[in-house]
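J.: Okay, handing you the structure first.
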Amino acid sequence: MKQTKNPAKPCPQCGKPSAAKFRPFCSPRCKQVDLGKWFNEAYVIPGEESIPANDEEGE
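Letter 52 of the sequence shown, counting from 1, is numbered 63 in our numbering, and no numbers are missing.
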């Protein structure tokens, strides 16, 4: 039996076919849009909220 390759998944930002160079995205623009969402905290990884340690220098 011949195995077939998995078809390329679409770009997670716009749904267009992904490009190998920008995988899993289709273009540098979609790659940057995704990075911007991480920086703006639009995406989060679930977990317990951490409490920052006290900074003794400021006191």
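Where is the CB? At the ideal position from N, CA and C, for every residue including glycine.
Please state whether the Cβ-Cβ distance between SER38 and ALA31 is less than 8 Å.
T.: Sequence index remark: in the sequence shown, residue 38 carries index 27 (1-based). Sequence index remark: in the sequence shown, residue 31 carries index 20 (1-based). Contact flag unset, no.
J.: Under the three-state reduction of DSSP, which class applies to PRO63: helix, strand or coil?
T.: As a first step, residue 63 must be located in the sequence shown, where it is residue number 52. In this structure, PRO63 counts as coil in the three-state DSSP scheme.
J.: Measuring straight from C-alpha to C-alpha, what distance separates ALA19 and GLY58?
T.: In the sequence shown, residue 19 corresponds to position 8, counting from 1. In the sequence shown, residue 58 corresponds to position 47, counting from 1. Cα-Cα distance, rounded: 31 Å.
J.: Leaving out five residues on either side along the sequence, give the residues of the same chain with a beta carbon under 8 Å from the beta carbon of PRO28.
T.: In the sequence shown, residue 28 corresponds to position 17, counting from 1. So the qualifying residues of the chain are ALA19, PRO21, CYS22, CYS37.
J.: Looking at the structure shown, is PRO39 part of a helix, part of a strand, or coil, going by DSSP?
T.: Counting from 1 along the sequence shown, the entry for residue 39 is found at position 28. Helix at PRO39.
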